[in-house]
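Just so you know, the UniProt record's numbering puts 205 at position 205 of the sequence shown, and the rest follows in order with no gaps.
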Amino acid sequence: MLLLGDFGPFQAGIPLQVPIWLAIMLKQLHKCRILPPDWLTIENLTMRLEEEIRSDVFEPLAFHYMEISSLLLKHAAEDIEQVEHIRSLLEDLQNVRQDKIRSGLCKISNDVQSGGTAYAIQMNNIAALEINSVRRLMTNSLQLFHKMKQLGASDGTEQEETQSSQLPFSNSSLGTLIFSVHFHSLCVLYHALETPPVHRLRRFRQN
1 MLLLGDFGPF QAGIPLQVPI WLAIMLKQLH KCRILPPDWL TIENLTMRLE EEIRSDVFEP
61 LAFHYMEISS LLLKHAAEDI EQVEHIRSLL EDLQNVRQDK IRSGLCKISN DVQSGGTAYA
121 IQMNNIAALE INSVRRLMTN SLQLFHKMKQ LGASDGTEQE ETQSSQLPFS NSSLGTLIFS
181 VHFHSLCVLY HALETPPVHR LRRFRQN
């Protein structure tokens, strides 16, 4: 499906707001200069980074800040002032936020393994690609937990009661154990994949 829409009129030297795909297309044709969004400045990113470091929760950012900044740094780097400083700030910001995600997941894993209550992680203001980085982990874990919960709920028949009496734990506790091991394993895998900074920093570097 083609992207359609009416844009313009275009006049030389007059700024006009257009979708990013159109701005990049015109840039590639050498027909325009792209003005970065207000949040993509050294002053704003420095302030956001400092607030992100001080706070235990996610600071508000543009929902697609990673995608937009990556595209602009790739296709319009010459239109961004002090572009290398901008790259470094974005990389630092991404690292701090990824560390928060990883810490939250590890806390849930440790709580479950120790037999405690796994409370929800507060992820307000999380960005689109940050959500995608934990999507498979969370959906797979929740699906398994749901199956284990159904297994525990079916522990009411006489046959199951007889079988359960021969085990040191119930189906419900077994389900919790399997879930905790599964979730912990996925957290370790997520940690292993995300820990090396060089893997995460390439997003804002040109190929």
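No residue lacks a Cβ here, since even glycine has one placed at the ideal position from N, Cα and C.
C-alpha gap between residue i and residue j, whole angstroms
i    : j    : result
I108 : V57  : 16 Å
P15  : P37  : 12 Å
Q122 : A12  : 47 Å
L35  : A128 : 23 Å
E67  : K147 : 35 Å
F7   : V18  : 7 Å
T41  : K100 : 23 Å
N140 : N110 : 18 Å
C32  : E78  : 12 Å
N171 : G104 : Since pLDDT at N171 reaches only 46, below the 50 mark, its modelled position is unreliable, and the value read off the structure follows with that caveat. Distance between the alpha carbons of N171 and G104 is about 28 Å.
L137 : L73  : 30 Å
E84  : L90  : 10 Å
S173 : F63  : Because the pLDDT at S173 is just 47, under 50, the model does not fix this residue reliably, and the point stays unresolved.
Q82  : A76  : 12 Å
R102 : W39  : 25 Å
C106 : N95  : 16 Å
S88  : E59  : 18 Å
F169 : Y65  : Low local confidence applies: a pLDDT of 39 at F169 is under 50, so the model's placement there is unreliable, with the coordinate-based value given in what follows. Spanning the two alpha carbons is a distance of roughly 48 Å.
R135 : S69  : 22 Å
With 16 other Cβ atoms within 10 Å as the buried cut-off, status of residue i
i           : result
G5          : exposed
L29         : exposed
S133        : buried
R97         : buried
I80         : buried
F10         : exposed
S55         : exposed
residue 237 : Here the chain has residues from 1 to 207 only, and residue 237 is not among them.
Q143        : exposed
I86         : buried
E43         : exposed
E52         : buried
Distance between beta carbons of residue j and residue i, contact taken as under 8 Å
i   : j    : result
I20 : L71  : 6 Å
L61 : N125 : 7 Å
Note to self: Would the stretch 19-33 count as touching the stretch 44-53 if we require 3 or more Cβ pairs under 8 Å?
What the structure shows: no
Next item on the list: Taking only runs that begin and end inside the UniProt domain "GINS subunit" (39-148), name each unbroken beta strand (DSSP E) of 3 or more residues, in chain order.
Entry: none
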